[in-house]
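Asker:
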Amino acid sequence: MSVPILTIDGPSGAGKGTVATRIASIKGWHFLDSGALYRITAYAALRDGVALDDEEALSRLAAALPVRFEVDPGNGEVRVVLAGENIGDAIRSEEAGNAASKVAALPGVRAALLARQRDFHRAPGLVADGRDMGTVVFPDADTKVFLTASAEERANRRYKQLSDKGISANLRALAEEIAERDARDSQRAVSPLVAAADAVTIDSSDLTIDEVVRKVIGLMDPA
Ligand code: DC
Numbered sequence: 000m001s002v003p004i005l006t007i008d009g010p011s012g013a014g015k016g017t018v019a020t021r022i023a024s025i026k027g028w029h030f031l032d033s034g035a036l037y038r039i040t041a042y043a044a045l046r047d048g049v050a051l052d053d054e055e056a057l058s059r060l061a062a063a064l065p066v067r068f069e070v071d072p073g074n075g076e077v078r079v080v081l082a083g084e085n086i087g088d089a090i091r092s093e094e095a096g097n098a099a100s101k102v103a104a105l106p107g108v109r110a111a112l113l114a115r116q117r118d119f120h121r122a123p124g125l126v127a128d129g130r131d132m133g134t135v136v137f138p139d140a141d142t143k144v145f146l147t148a149s150a151e152e153r154a155n156r157r158y159k160q161l162s163d164k165g166i167s168a169n170l171r172a173l174a175e176e177i178a179e180r181d182a183r184d185s186q187r188a189v190s191p192l193v194a195a196a197d198a199v200t201i202d203s204s205d206l207t208i209d210e211v212v213r214k215v216i217g218l219m220d221p222a
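So in numbering that gives the first Met the number 0, spot 190 of the sequence shown is number 189, and the numbers just go up one at a time.
#1: Can you confirm whether Ala23, when its beta carbon is compared against all beta carbons of chain C, has any partner nearer than 8 Å?
#2: If you measure from the CB of Ser33, is any heavy atom of the ligand DC nearer than 7 Å?
#3: Quick check: the Cα distance between Val212 and Pro123, rounded to an integer number of angstroms?
#4: State yes or no: is the C-beta of Ser271 nearer than 7 Å to some heavy atom of the ligand DC?
#5: So, are the CB atoms of Val136 and Leu57 less than 8 Å apart?
#6: Quick one: complete beta strand (DSSP E) runs, 3+ long, within the region 43-125?
#7: Under the assumption that Val80 contacts Val70 (Cβ atoms under 8 Å), give the Cβ distance between them as a whole number of angstroms.
#8: So who's on the other strand from Phe30, going by DSSP bridges?
#9: Look at the Cβ atom of Glu226, then the Cβ atom of Asn74, and state whether they are nearer than 8 Å.
#10: Does the ligand DC have even one heavy atom less than 7 Å from the beta-carbon of Ala174?
#11: Can you name, in chain order, every residue of its own chain whose Cβ lies under 7 Å from the Cβ of Ile179, other than the five neighbours on each side?
#12: Please determine whether the Cβ atom of Tyr158 lies at a distance below 7 Å from any heavy atom of the ligand DC.
#13: If you reduce the DSSP assignment to three classes, tell me which class Glu15 lands in.
#14: Please state whether DSSP places Lys164 in a helix, a strand or coil.
#15: Provide the residue span of the beta strand (DSSP E) that contains Val189, from first to last.
#16: Would you mind sorting Val224 into buried or exposed? The rule is 16 or more other CB atoms within 10 Å of its CB.
#17: When burial is assigned at 16 or more other CB atoms within 10 Å of the CB, is Ala196 buried or exposed?
#18: Compute the Euclidean distance between the alpha carbons of Gly133 and Gly12, then round it to the nearest angstrom.
#19: Taking Asp47 as the reference, which of Ala168, Thr17, Ala82 has the closest Cα?
#20: Could you check if Gln116 is buried or exposed, using at least 16 other CB atoms within 10 Å of its CB as the buried criterion?
#21: DSSP has Thr147 in a bridge; who is on the other side?
#22: If you drop the 5 nearest sequence neighbours on each side, which residues of the same chain put their C-beta closer than 7 Å to that of Leu170?
#23: Does the region 5-24 come within contact of the region 138-154, defined as at least 3 CB pairs closer than 8 Å?
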């Protein structure tokens with residue numbers, strides 16, 4: 000039997016990461032956070048002084064990223080280790096997200112990360128979270144979800160996440176950044192953010208995480 004794949008694509012802040020990790024843990028499947036690969040590439044570029052539009056240098060960097068994802072046996076959290084340094088928190092910043100969205104628009108970078116993403120497809124199954132999981136990386140996935148939420152709700156959620164972590168943020172600036180990132184991710188020439196023709200769209204604006212998880216599991220295992 001082939002190894003099943005669930006893809007969850009959608010704009011920033013729609014709740015993809017939370018829903019994807021919950022389902023991976025319920026099913027005991029692997030989890031691919033493809034956005035992390037773009038964030039790590041951008042982080043490594045900023046660290047090494049590589050310009051965010053130098054496609055050739057960025058593609059080389061992406062192809063050779065010495066990155067490992069390690070699960071902390073104590074709390075189950077995933078550590079992102081780049082050349083021995085735990086950069087899990089550093090790549091979650093707004094700055095890293097915006098830089099990731101810039102490097103992700105370059106075809107050479109996307110091509111360099113393709114095989115690395117497909118390597119996550121292992122038994123017993125995979126939940127893949129991103130922008131082009133169902134359209135480009137895993138077009139034959141068994142279940143495809145496009146998870147959205149209104150831009151206002153996504154900015155509110157991000158604001159709350161940052162305040163919960165004690166990080167001060169400006170709601171209006173966050174909303175503007177989200178709109179800018181949406182536009183860049185949706186309008187780029189390669190692998191733009193778009194729902195696959197065979198994806199089911201779920202709007203999470205008025206749903207709890209549990210409700211979204213139940214809906215997605217219902218699509219995977221229809222009663
Ligand atoms: O999901 P995220 O916010 O961690 O992703 C960061 C950026 O990476 C996002 O703005 C666009 C890019 N990205 C992408 O182009 N393709 C993916 N499959 C995942 C992320």
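For every residue, glycine included, the Cβ atom is placed at its ideal position computed from N, Cα and C.
Answerer: With the given structure in hand:
#1: Going by chain labels, chain C is absent from the structure shown, which holds only one protein chain.
#2: yes
#3: 19 Å
#4: Only positions 0 to 222 of the chain appear in the structure, and residue 271 is not among them; the question remains open.
#5: no
#6: 66-70, 77-81
#7: No, Val80 and Val70 are not in contact; Cβ-Cβ is about 11 Å, not under 8 Å.
#8: Val126
#9: An answer regarding residue 226 cannot be provided, because it is not within the stretch 0 to 222 covered by the chain.
#10: no
#11: Reading off the sequence, residue 179 comes out as Glu, not Ile. Within the same chain, Glu179 has no close Cβ partners at all.
#12: no
#13: Strictly speaking, residue 15 in this sequence is Lys, with Glu absent from that position. Lys15 falls in the helix class under three-state DSSP.
#14: coil
#15: Premise fails: Val189 is in no beta strand (DSSP E) and is neither H nor E.
#16: No statement about residue 224 is possible, as the shown extent of the chain runs from 0 to 222 and does not include it.
#17: exposed
#18: 18 Å
#19: Ala82
#20: buried
#21: Asp202
#22: Ala154, Tyr158
#23: yes
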